[in-house]
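Quick note on my numbering: the sequence shown kicks off at 105 and runs consecutively.
Think of the CB as a built atom: it goes at the ideal place given N, C-alpha and C, for glycine as much as any other residue.
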Amino acid sequence: LTKGKELAYEALKNEVFDYLLKPINIHELRKTIMKFERNVEDTPTTICIKSYGDYRFVDTDDIVYLQADNNSTDLYINNGDTITAFKTLKHFENTLPPQFVRIHNSYIINMSYVSRIHLGNNVVYIKNSKVQLPFSKSYKKNVDLIISLIANNDGKEL
């Protein structure tokens, strides 16, 4: 939301969902909301991952986290499997549902599997495992979002 069009290029570069000008036109706002709803509905719950000539069909709810490995990405599944996909982490960041949040240049995490976040050590802990994933300062806002969403949905901050 902005007064002028001069920031439109910057917004597109940063992959914003849509761009609204002030004063808000109610018709444009409705179009944006409808576009967002269609986009959310189109988000797949099962994805096809090609790995070494093997096609794996994975429910996104089963993906715990993703780790970048050069131009490939390792997907860690809740049954203990690891799948290597020949896509970048950026590809998955743009494809996966909103519960997947980038916390580091090398990691995307499924918020459903977060058990603890230690801000002092910059670490996110995975439920029912000893896995600890680092988060970087450049993605601190995303970590704050995870804290906010989990506190507002599952349990209140005490």
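May I have the straight-line CA-CA distance separating residue i from residue j, to the nearest angstrom?
{"i": "tyrosine 229", "j": "serine 219", "result": "6 Å"}
{"i": "aspartate 173", "j": "lysine 126", "result": "42 Å"}
{"i": "glutamate 197", "j": "glycine 157", "result": "23 Å"}
{"i": "leucine 193", "j": "valine 168", "result": "14 Å"}
{"i": "lysine 244", "j": "isoleucine 207", "result": "7 Å"}
{"i": "aspartate 163", "j": "serine 155", "result": "16 Å"}
{"i": "arginine 160", "j": "lysine 139", "result": "30 Å"}
{"i": "leucine 262", "j": "tyrosine 211", "result": "Residue confidence for leucine 262 is low, a pLDDT of 46 falling below 50, so the modelled location carries little weight and cannot support an answer."}
Have a look at the options and flag the residue whose alpha-carbon is nearest the alpha-carbon of residue i.
{"i": "proline 201", "options": "Gly224, Asn209, Asp166", "result": "Asp166"}
{"i": "isoleucine 250", "options": "Ile151, Thr136, Val227, Arg160", "result": "Val227"}
{"i": "threonine 188", "options": "Asn214, Thr177, Ile181", "result": "Thr177"}
{"i": "threonine 322", "options": "His195, Ile153, Ser216", "result": "Residue 322 is absent from the structure shown; the chain starts at 105 and stops at 262."}
Would you mind reading off the limits of the beta strand (DSSP E) that contains residue i?
{"i": "asparagine 214", "result": "211-214"}
{"i": "tyrosine 159", "result": "158-163"}
{"i": "leucine 179", "result": "176-181"}
{"i": "tyrosine 80", "result": "Outside the modelled stretch of the chain, which goes from 105 to 262, sits residue 80, for which no answer is possible."}
{"i": "proline 238", "result": "236-238"}
Can you look up residue i in the DSSP assignment and give me helix, strand or coil?
{"i": "phenylalanine 196", "result": "helix"}
{"i": "lysine 191", "result": "coil"}
{"i": "tyrosine 243", "result": "helix"}
{"i": "tyrosine 123", "result": "coil"}
{"i": "serine 252", "result": "helix"}
{"i": "threonine 150", "result": "strand"}
{"i": "leucine 223", "result": "coil"}
Decide if residue i is buried, meaning its Cβ has at least 16 other Cβ atoms within 10 Å, or exposed.
{"i": "arginine 134", "result": "exposed"}
{"i": "asparagine 256", "result": "exposed"}
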